[in-house]
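First comes the structure, then the notes that go with it.
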Amino acid sequence: MKPWARYVICAVAGLALGAGAAVQRVRTGAFGASTAIGPWTTGKDFGTAGASAYTRAVVSLRGILALPAHEARYYNAAVDSAGEPLDGKCRYRVSGKAIPTKWWSLTLYDHPGYLVANQANVFSVASARVPNPASWSVVVAPAEQAGLWLPTGRIERFELTLRTYLPDDGGVGNLARDQLPSIVKEGC
Amino acid sequence: MRRWALPLLLGLILGVVGYNLMMMQFPRVLMGFATQRISKAGGYNTMFAAPMATDKARAIVRPSPDLAYSSCPYDVSNGPVLVDVEPVPAPYWSLSVFDARTDVAFVRNNIEANGQPIRIAIALAGQPVPNGMQAVRVSGSTGIALVRILVQDRTQFPAIDAARKKSSCKPLS
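Those protein sequence lines, which keep their order, are chains L and Z.
With the numbering used here as the guide, the letters of the first sequence map in order to residues 1 to 188.
With the numbering used here as the guide, the letters of the second sequence map in order to residues 189 to 361.
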């Protein structure tokens, strides 16, 4: 083999492997994966010039047009409080306390980040619908439930995104584990 | 094997280069796709009032079903674009401007605006904007200006929808 051919082969392979590794890392990245708090992941540099190339890439794939931290914080969960993946055929209770923010909403998505079809056409629960903001719970389940219900559409895997708009601390800090809702599986 | 040492070193270096190049290009490429997809609804430099998001919505990932979105895919390559957001009867609304790299060049909500209209001119560095108008300088000629409006109850949507359609986005010239 000619010497130049070895250089060409290694150069092309190196570029392809490097680019492929970047694509794979972004595709498997979770929205706001820079900090894990219980089942929730979050980040606070979305939409800023200070965001790392990785954060910027994952946000562009999983949650493009996300607002900066002082306007909104995004907490995403793909697992329950026991660390098990969220399964659309199971029933979960999401329980929380007062969240220090102007308003919040909890939305269910499929893994690519789209809303999930369901007969009730319910896609989220917002703070305005919660009777007692200091102690609330939402049942996430495939079949209709009493009280606040977020349908899963029976999809195999789903994710929950908690948006907190105009956080009291200006978005500089993360919510603590006991300020974030727990996600407890009640049955399948 | 020694004949492969330098080519393998080159491959390793280019692997790192390829990784970083791809990582840096990701947001720009995906933002370009998003801008194009949104522009299909109403074109560039016009405000499009999208219906409330449902499971059928595919223009943007992770849409909020609690928000009514109006969007203006802008292109400032031929001059500034003026965005005028009129107040709506909702507890929260905001205007944000995202540049070609997905960075937020501007964001203001109804509380910061004291419920008054928000008027900005999106422009590249060096492009003159009208006197008295706030210039929002962006990197890259295309991006998205996005109005978010909180709809706490969908029965309120018709009134909000009528009010938000008074907002506009248009080229300066």
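Cβ atoms here follow ideal geometry from the backbone N, Cα and C, with glycine treated the same way.
Just list the residues that DSSP pairs residue i with in beta bridges.
i, result
"Pro167 of chain L", "L:Thr101"
"Pro346 of chain Z", "Looking at the DSSP assignment, Pro346 of chain Z forms no beta bridge with any residue, so it has no partner."
"Tyr232 of chain Z", "Its beta-bridge partners do not exist; DSSP assigns none."
"Tyr257 of chain Z", "Z:Arg336"
"Leu108 of chain L", "L:Leu160"
"Asn76 of chain L", "L:Thr41 and L:Thr161"
"Asn95 of chain L", "Note that residue 95 of chain L corresponds to Ser in the displayed sequence, not to Asn. Paired residues: L:Ser137 and L:Ser182."
"Asp87 of chain L", "L:Arg157"
"Asp263 of chain Z", "Z:Thr330"
When we look at the beta-carbon of residue i and count the other beta-carbons within 10 Å, is it buried (16 or more) or exposed?
i, result
"Asn174 of chain L", "buried"
"Asn190 of chain L", "Any property of residue 190 of chain L remains undetermined from this structure, which presents chain L solely from 1 to 188."
"Arg250 of chain Z", "buried"
"Tyr221 of chain Z", "This sequence places Phe at residue 221 of chain Z; Tyr is not what is there. Exposed, by the Cβ-count rule."
"Ala333 of chain Z", "buried"
"Ala293 of chain Z", "buried"
Could you tell me the boundaries of the beta strand (DSSP E) in which residue i lies?
i, result
"Thr145 of chain Z", "Absent from the model: residue 145 of chain Z. The displayed extent of chain Z is 189 to 361, so no value can be given."
"Phe294 of chain Z", "Val292 to Asn297"
"Phe286 of chain Z", "Trp281 to Phe286"
"Ile308 of chain Z", "Ile306 to Ala311"
"Gln322 of chain Z", "Gln322 to Arg325"
"Pro275 of chain Z", "Per DSSP, Pro275 of chain Z belongs to no beta strand (DSSP E) and is neither H nor E."
"Ser356 of chain Z", "Ser356 to Pro359"
Please list, in chain order, all residues of the same chain as residue i whose beta carbon is under 6 Å from its beta carbon, the five residues on each side excluded.
i, result
"Ala309 of chain Z", "Pro268, Leu270, Val317, Met321 and Ala323"
"Phe46 of chain L", "Val59 and Ala66"
"Asn297 of chain Z", "Ser282"
"Ala69 of chain L", "Lys44 and Gly171"
May I ask which residues mark the beginning and end of the alpha helix (DSSP H) holding residue i?
i, result
"Tyr7 of chain L", "Pro3 to Arg27"
For residue i, which residues in the same chain have their Cβ closer than 7 Å to its Cβ, ignoring the five residues on either side in sequence?
i, result
"Gly147 of chain L", "Val139"
"Ile337 of chain Z", "Leu255, Ala256, Val276, Ala278, Trp281, Ile348 and Arg352"
"Ala78 of chain L", "Ala30, Pro85, Leu86 and Glu159"
Excluding five sequence neighbours on each side, which residues of the same chain lie with their C-beta closer than 8 Å to the C-beta of residue i?
i, result
"Tyr92 of chain L", "Asp80, Leu86, Val139, Val140, Ala141, Ile183, Val184, Lys185 and Glu186"
"Lys354 of chain Z", "Glu274"
"Arg177 of chain L", "Ile37 and Gly38"
Give the interface partners of residue i over in chain B, defined as CB-CB distance under 8 Å, in chain order.
i, result
"Ala141 of chain L", "Of the protein chains in the structure, L and Z, none is chain B."
Quick one: complete beta strand (DSSP E) runs, 3+ long, within the segment 30–72 of chain L?
Runs of the beta strand (DSSP E) inside the segment 30–72 of chain L: 35–37 and 40–42.
Runs of 3 residues minimum, wholly inside the segment 115–188 of chain L: which ones carry the beta strand (DSSP E) assignment?
Every unbroken stretch of the beta strand (DSSP E) spanning 3 or more residues and falling wholly within the segment 115–188 of chain L is given here in chain order: 124–126, 135–141, 149–151, 158–167 and 182–187.
For a minimum of 4 consecutive residues, which ranges assigned as the alpha helix (DSSP H) are wholly contained in the segment 190–254 of chain Z?
Every unbroken stretch of the alpha helix (DSSP H) spanning 4 or more residues and falling wholly within the segment 190–254 of chain Z is given here in chain order: 190–230.
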